[in-house]
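Working notes, structure below.
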Amino acid sequence: MTETPDAYPPSPEFAAAANVDAGVYERAAQDREGFWAEQADHLHWRRRWNQVLDWSEAPVAKWFVGGRLNVAYNCVDRHVLEGRGDKVALHWEGEPGDSRTITYADLLTEVGRAANYLTSLGLTAGDRVAIYMPMIPETIVAMLACARLGLTHSLVFAGFSPTALRQRIDDAEARLVITTDGQWRRGNPAPLKEAVDEALFAHGDVPSSVEHVLVVRRVGIEVAWTEGRDLWWHETVAQTEPAHEAEAFDSEHPLFILYTSGTTGKPKGILHTSGGYLTQTAYTHRVVFDHKPETDIYWCTADVGWVTGHSYIVYGPLANGATQVLYEGTPNFPDEHRHWQIIEKYGVTIYYTAPTLVRTFMKWGRQIPDAHDLSSIRVLGSVGEPINPEAWRWYRDVIGGGTAPIVDTWWQTETGAIMISPLPGITATKPGAAMTPLPGISATVVDEEGNTVRRGETEANGYLVLDEPWPAMLRGIWGDMERYRATYWERFAAQGWYFAGDGAKLDVNGDLWVLGRVDDVMNVSGHRISTAEVESALVGHSGVAEAAVVGATDETTGQGIVAFVILSADATDTGAAMVKELEAEVAREISPIARPREIHVVPELPKTRSGKIMRRLLRDVAEGRELGDTSTLVDPQVFENIRTGRSE
Ligand code: WTA
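Residue 1 is where the sequence shown starts when you use UniProt numbering, and the numbers rise one by one after that.
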C-alpha cells in the first residue's frame, strides 16, 4: 500500500512555468509598498498615484493616493483597445441548456449601452444601485456599467427574501433596482420581480428611495407592472447607443457595498473602493490560480451575489482578461453530471469552488466525475470554509487527476480578496491548511492578550489577526463607522490589528490552518449567517417567546442551524406543525439558506447568572456530546428539562 503523503509539492513542470517564483515572498517582505505599487502597475491608471498607502487615519486606509482610474475600463475597454476584442470573456451556460458566448468587444458594447442608459435616468457618480439578479451576463454588465459611472452597486443574492432586500435597499438608499422577471430553479421559472414589488410596496407603504426598477426578461413569466417606475431592459438599455467614454475616478471612490452577517441581527454593509481593490483582486487571481490569459479557461462556481463572485468572477478575472465560464444553475440539474459536462465542453483548466460542494460530490460518488474527461484541469481552488483533509484528497485525486494543486484560499467579504493561500507553483500543500499569507500580506495567530502563539516545536491555537493594512481591505461599514471600529479593531486596539473573527492554528512548521469562526456567526455551506439573525426571525413569530440558535457540525454543509425555542402562551400549536411553520418563517424572513436543520421546542434555555444564553452548552446538546462545564449555569436542572423536552 502506498503511504498517504502529508504534503504535496508542485511538479517541477508546474513550478517552472508558474507566474511567480519562490523569491517573491522575500521581495514583498523587503519592500511591501513597492511590491504593491508593482501590482498596481498591472492596471491602467489615468493618473498615477503619488503615495502608495496613507494609514494616517487608521483604521481607514487610503491606497494609491491621488491615483485615478476607471474600473470598468480596466476590465473591458483595455482588452479591446489592446487587440483582444475577439477573445471570449464569458462562456455562459443557462440552466435550461441555452448558452451565449460573449467576447470582450461584446461586453464593451453592452456595458456602454447600459452606462448611457443609466446616465439618462439621471444617476450620477456616488448614487447607489441595488442589483438583485441570477447568474446571467446582464448581471455582470449591470455591475460594470455601475463601476464605469462611479455608481456604487449593492448586490443582493437572488435567494434573499423581500424583507432582506428591502433592508439592504433602505440602508444604502438605492435609487435604482435592477432585477429579472424570474430565475430558473431546477427547470421551473421562479418569480423574482415579484419579490422586488413586495419589498417596495410592503412595510405599510413606507416609500422607499427607489425611483426605478429595471427588469431583464429571463424566464418569460408575467409580471406586475408599475407604470413610470418599471422599465424593461430590452426596451431601454438594449436600444441605447453603445459608445461611451469612461471617466476616471479617484482610487478611493466607492465601488460597491456588500452586506454580510455580523454578530447582531442587522447585516453590515461592507464598503469597498476602487484602486486597491482592483489591484489585489487582479494580483491574487493571477498568482493564486497561476492564471494564464492566453490558455486558461477559468471557472469560479460562486454566485455573483457573494463576495467570491464579485472578486473572482467579475473584477479580478476580467481585469486579467480571462476567458471564463458562467453557469446559471445548480450542480444537479438536470442531473449530477452537469459540472463535469461543462468542464469537458469548454476545457476548463482552473476550477474554484466550496468545500460543501466537494463533499456533496463525494456523496454522489466518484463514478459521476469518472465518467468524464477532466484532464484539462490544472489548478483547483477552495473557499468559504475549512476543507477537511478527506474532501481535500478526494478533490485532488478525483477531480484533479491526482496532480492538480489545490489552493485553499482564506479571505472574507471584508478583506475583499484572497489573503492566505498556497501558491500553486511554490507551496508544498497540506490537506486542510491555508498555509501562508500571500506575498504582500501579513497575518498572524495570537492569544487572548495578543501574543503571537509560539512557532515551531509544538502547534498552537489562537485568533487570526491581520497586522498590516492591505489594498483590498474594507473601508468601513456603510453608514456606521463606529460599528466598523468596534467590530474589527477594538479586540486588539492596543496593537492596531484587524480581528478576523476566525480561530486558527500554527502547526509545527509554522503553517497556518483556519479553524472557523470564534464569534456567533455560523458557516452553512460557506454562507455566513448570524445566530442573532435567525433568532430574531424566530421570535418575530407570535408563537415564540424565546429562541437560541447554534451552529452544529454537519457532515455536508460544515455547520447546520439548530434552534431551541420556548413557545409563547398564545402558541396555537406546540407540535410538529409548529416546527414546520417556524422553519418556513425563517426561510421567508431571511432566505432558504437560513432554514434551520432542526428546531427543538424546549421548556427553558440555559442561562448564566448575568442572563446570557450559554450557546456552548446548547452546541453540546445539538452535537450529542456530554455537557461541558455547567458550573456557571443558574439552574443545571435546565438541561434535564431540555433533554426530556427534546425526546418528546
Ligand atoms: C470562512 C468568503 C477556512 C471564515 C470569501 C471567514 C474560510 C468567512 C476559508 C468569510 C478557508 C473563508 N478556510 N475558512 N479557506 N474561506 N472562510 O465573508 O470563517 O462569505 O471568516 O467570504 O468564511 O466568509 P465570507
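A virtual CB, placed ideally from N, CA and C, is assigned to each residue, including glycine.
Owing to the predicted nature of the structure, the values given are computational and were not obtained by experimental measurement.
Residues near residue i by beta carbon distance below 7 Å, same chain, minus five either side
i, result
"Y117", "T236, V237, T240"
"T427", "M435, T436"
"D447", "V453, G462"
"E648", "Because E648 carries a pLDDT of 37, less than 50, the predicted location of this residue cannot be relied on, and no value is offered for it."
"T429", "A7, Y8, P405, I406, P422, M435"
"G262", "K268, T487, S530"
"S536", "G265"
"V586", "V534, A537, L538, A594, R595, P596"
"V314", "I140, M143, V304"
"T260", "P267, K268, I270, T413, R528"
Inter-residue Cα distance where the pair is residue i and residue j
i, j, result
"N509", "T452", "15 Å"
"E95", "T413", "27 Å"
"Q51", "D520", "39 Å"
"H234", "E294", "33 Å"
"F289", "I406", "9 Å"
"S274", "A61", "12 Å"
"E13", "D511", "24 Å"
"I566", "L582", "12 Å"
"L538", "A195", "21 Å"
"V602", "P596", "16 Å"
"S542", "V129", "35 Å"
"T553", "G265", "22 Å"
"R32", "E468", "10 Å"
"W225", "V216", "13 Å"
"Y25", "E626", "46 Å"
"H153", "E459", "43 Å"
"E222", "I131", "20 Å"
"residue 692", "L474", "Here the chain covers residues 1 to 648 and nothing more, so residue 692 does not appear."
"T415", "A472", "6 Å"
"R646", "E604", "Reliability fails at R646, whose pLDDT of 48 lies under 50, so the model's placement of it is uncertain and the value that follows must be treated cautiously. Those two C-alpha atoms are separated by around 11 Å."
"L155", "L258", "6 Å"
"I590", "A158", "12 Å"
"A577", "G540", "17 Å"
"K345", "I169", "39 Å"
"H310", "A545", "39 Å"
"G97", "G187", "10 Å"
"A417", "T409", "9 Å"
Own chain residues within Cβ distance below 8 Å of residue i, not counting five before or after
i, result
"Q341", "H372"
"M1", "In this predicted model, M1 has a pLDDT of only 47, less than 50, meaning its place in the structure is not dependable enough to derive any value."
"R68", "W45, R46, R47, A248, F249, D250, S251"
"E457", "V508"
"G401", "L374, S375, I377"
"P191", "D181, G182, I221, V223"
Sequence-distant residues of its chain with Cβ nearer than 6 Å to residue i (five each side left out)
i, result
"V550", "V562, R615, L618, R619, A622"
"H527", "I593"
"I66", "This sequence places Gly at residue 66; Ile is not what is there. So the list reads W49, N50, once near-sequence residues are dropped."
"R378", "T349, A404"
"I642", "V602"
"P242", "T109, G112, R113"
"L123", "L151"
"V638", "E604, P606"
"H79", "Y104, G321"
"V358", "A391, Y395"
"N70", "A246, A248"
"W232", "V215"
beta-carbon residue i near the ligand HEM non-hydrogen atom, thresh 7 Å
i, result
"R218", "The model on display carries the ligand WTA but not the ligand HEM."
Interface flag, residue i vs chain B, CB-CB below 8 Å
i, result
"L165", "Going by chain labels, chain B is absent from the structure shown, which holds only one protein chain."
(message) Quick check: the region 148-167 against the region 329-336, are at least 3 beta-carbon pairs closer than 8 Å?
(response) No: the two stretches stay apart, fewer than three of their Cβ pairs being nearer than 8 Å.
(request) Any chance you could list the alpha helix (DSSP H) runs of at least 4 consecutive residues sitting entirely within the region 539-616, in chain order? (result) 576-589
(message) My parser needs the alpha helix (DSSP H) runs of 4 or more residues fully inside the region 214-276; what are they?
(response) The qualifying runs do not exist here; there are none.
(request) Answer yes if the region 120-140 comes into contact with the region 560-578, meaning at least three C-beta pairs across the two stretches below 8 Å, and no otherwise. (result) In short, these stretches do not touch, since the Cβ pair count stays below three.
(request) Within the region 135-188, note down every full beta strand (DSSP E) run reaching 3 residues or more, in order along the chain. (result) 152-155, 176-180, 182-185
(message) Restricting to runs no shorter than 4 residues, where is the alpha helix (DSSP H) found entirely within the region 25-56?
(response) 32-40
(request) Note down, one range per segment and in chain order, each alpha helix (DSSP H) of at least 4 residues found wholly within the region 352-440. (result) With a minimum length of 4 residues, the continuous alpha helix (DSSP H) runs that stay inside the region 352-440 are 355-364, 367-370, 389-394.
(message) Whether or not the region 33-43 and the region 438-450 are in contact is what I'm after, with contact meaning three or more pairs of Cβ atoms, one per stretch, closer than 8 Å; do they touch?
(response) A contact exists between the region 438-450 and the region 33-43.
(message) Contact between the region 171-189 and the region 98-112 is defined here as three or more beta-carbon pairs at a separation below 8 Å; is this criterion met?
(response) no
(message) For the structure I just gave you, are there three or more beta carbon pairs, one from the region 341-359 and one from the region 375-391, closer than 8 Å?
(response) yes
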